[in-house]
Amino acid sequence: MKIIIKCTDGIMTGKEWRFNGSGQITLGREKGSMVTTAPEDNSISRHQCVIDVVPPNVYVSDAGSTHGTYVNGQLIGKKGQGGQCPVRDGAFIGVGSGGRTAVFQIRIIEEERGTVSPDYIADNMDNHYNRSFNGQNLGNDFASSFQFVVPRIRDIFIRPVHTAIEFGKMNSAILGTTMILINMAVLLVLAVIVMAIAKDKLFGFGAYVPWGRIIIGVELMAAFSYFGLTALMLLSARVFFRAEITYAQLLSFYGVQAIWSTAYLLVESFLLMIGTEGSIMLCLFVFWISILHTFLIGIFSYGEVVHLSPDKKMYSYFVFVILYIITYAIILAILGGGVRDSLYGLI
Numbered sequence: 004m005k006i007i008i009k010c011t012d013g014i015m016t017g018k019e020w021r022f023n024g025s026g027q028i029t030l031g032r033e034k035g036s037m038v039t040t041a042p043e044d045n046s047i048s049r050h051q052c053v054i055d056v057v058p059p060n061v062y063v064s065d066a067g068s069t070h071g072t073y074v075n076g077q078l079i080g081k082k083g084q085g086g087q088c089p090v091r092d093g094a095f096i097g098v099g100s101g102g103r104t105a106v107f108q109i110r111i112i113e114e115e116r117g118t119v120s121p122d123y124i125a126d127n128m129d130n131h132y133n134r135s136f137n138g139q140n141l142g143n144d145f146a147s148s149f150q151f152v153v154p155r156i157r158d159i160f161i162r163p164v165h166t167a168i169e170f171g172k173m174n175s176a177i178l179g180t181t182m183i184l185i186n187m188a189v190l191l192v193l194a195v196i197v198m199a200i201a202k203d204k205l206f207g208f209g210a211y212v213p214w215g216r217i218i219i220g221v222e223l224m225a226a227f228s229y230f231g232l233t234a235l236m237l238l239s240a241r242v243f244f245r246a247e248i249t250y251a252q253l254l255s256f257y258g259v260q261a262i263w264s265t266a267y268l269l270v271e272s273f274l275l276m277i278g279t280e281g282s283i284m285l286c287l288f289v290f291w292i293s294i295l296h297t298f299l300i301g302i303f304s305y306g307e308v309v310h311l312s313p314d315k316k317m318y319s320y321f322v323f324v325i326l327y328i329i330t331y332a333i334i335l336a337i338l339g340g341g342v343r344d345s346l347y348g349l350i
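Residue 4 is where the sequence shown starts when you use our numbering, and the numbers rise one by one after that.
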């Protein structure tokens with residue numbers, strides 16, 4: 004029997020642990036645990052729960068944790084007190100405050116017995132098999148494949164988020180600070196180079212002057228304002244929602260935003276230096292894509308860092324959107340002499 008435990012919600016989202024055979028699997032913050040959660044997740048106990056694999060059955064029981072252990076949303080009992088809860092393939096184990104700090108999905112793969120027709124089709128999306136036996140389709144998991152693809156697209160689109168979360172998980176404040184300082188230095192040097200080399204082309208188009216000024220200005224100011232915006236969001240989450248947030252997580256959250264801002268600024272600066280009407284129009288398109296992309300990064304990484312109940316998390320997303328809009332409105336107002344004039348100049 005094979006057991007696959009995958010974190011589906013929490014700081015360690017996407018990480019998997021694989022086990023073979025029978026025995027006991029321990030889960031908790033303790034370094035010696037077989038499934039180790041993030042050290043800063045203080046609402047998760049050092050010895051959180053135990054998974055007993057007794058083929059063909061699997062049981063989950065709480066190990067005397069502070070906030071309890073949940074299986075499919077239901078609080079279960081403690082080990083040794085009749086609290087063993089049988090679980091099936093696909094069950095969810097919630098741990099921490101309200102069972103929402105981290106959620107793990109358990110996959111139970113039993114060994115194949117007997118013979119199976121060789122005309123099976125391997126599904127690379129989720130490592131399942133759509134078997135055809137005696138001409139009968141015994142499993143069409145298109146729906147499960149679709150559910151698998153969506154999070155993978157998200158992971159590819161915002162992969163640096165998970166890297167930054169790993170930084171935060173290690174409480175590497177020095178690493179986060181270094182990342183920020185390097186980013187700011189690159190932005191300053193790049194701004195000087197762009198204005199020195201491209202000023203004739205950039206400001207020689209008359210009608211395109213507001214575009215170039217606003218595009219470069221927004222990206223530079225947004226990059227420097229990310230830290231303040233991030234600090235405000237995470238501070239509000241900690242004060243109003245009592246979310247558990249570390250200094251390193253705050254730094255890693257900002258670092259993701261700043262890295263992407265630098266990348267977009269490099270592309271936009273190159274297009275502006277070319278100085279043709281087509282390149283400026285393309286730069287304008289990249290600019291709006293960058294705003295949308297950094298917004299999505301903010302939403303996803305905010306959800307990764309801040310562990311809240313679903314109702315509070317939706318409200319916190321609303322707060323994030325409002326703060327995001329206000330921040331860009333202020334930047335546009337400063338650079339363009341007014342939000343309305345700036346927006347008209349960019350359209």
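Backbone N, C-alpha and C fix where the C-beta goes; we use that ideal spot for every residue, glycine too.
Would you call residue i buried or exposed, if buried means 16 or more other Cβ atoms sit within 10 Å of its Cβ?
i	result
A266	exposed
M284	exposed
V57	exposed
N143	Low confidence applies here, because N143 scores a pLDDT of 40, under 50, leaving its location unreliable and the question unanswered by this model.
T72	buried
L268	buried
F290	buried
S281	Contrary to the premise, residue 281 reads as Gly rather than Ser in this sequence. Exposed, since its Cβ has fewer than 16 Cβ neighbours within 10 Å.
E19	exposed
G26	exposed
K34	exposed
F145	Legend: pLDDT at F145 = 39, less than 50; position of this residue unreliable, value from coordinates given subsequently. Classification for F145: exposed.
V164	Per-residue confidence for V164 stands at a pLDDT of 45, beneath the threshold of 50, marking its modelled position as unreliable; the derived number appears in the next sentence. Per the 10 Å Cβ criterion, buried.
Would you mind reading off the limits of the beta strand (DSSP E) that contains residue i?
i	result
V74	T72 to V74
D55	C52 to V57
G26	G26 to G31
K81	No beta strand (DSSP E) holds K81; DSSP gives it neither H nor E.
E113	That residue, E113, is in no beta strand (DSSP E); it is neither H nor E in DSSP.
A94	A94 to V98
F43	Reading the sequence as shown, one finds Glu at residue 43 and not Phe. That residue, E43, is in no beta strand (DSSP E); it is neither H nor E in DSSP.
R21	E19 to N23
I6	K5 to D12
V63	N60 to D65
Closest by CA to residue i, which one among the options?
i	options	result
E43	G31, L274 and Q77	G31
T11	A94, K82, V106 and L269	V106
K81	I109, W20, Q51 and S272	Q51
V74	P59, F95, R91 and Q87	F95
N23	R110, I329, Q77 and T40	R110
D92	G86, V63, G102 and W291	V63
S36	R49, V98 and S25	R49
M15	G281, K34, C88 and T39	T39
Q108	Q27, G86, Q87 and G17	G17
P59	P89, S293, G67 and A41	P89
I292	D55, G67 and V270	V270
D55	G67, Q87 and T279	Q87
Give the C-beta separation of residue i and residue j to the nearest angstrom, bearing in mind that I take them to be a contact with Cβ-Cβ under 8 Å.
i	j	result
K5	I112	4 Å
T29	V61	14 Å between Cβ atoms; not a contact.
G76	G102	7 Å
L295	C286	Contact flag wrong, Cβ pair sits at about 15 Å.
Measure the Cβ-Cβ separation of residue i and residue j and say whether it is below 8 Å.
i	j	result
G13	T104	yes
I79	D65	yes
Quick check: is the beta carbon of residue i nearer than 8 Å to any beta carbon in chain D?
i	result
L30	Structure shown: chain D not included; a single protein chain is present.
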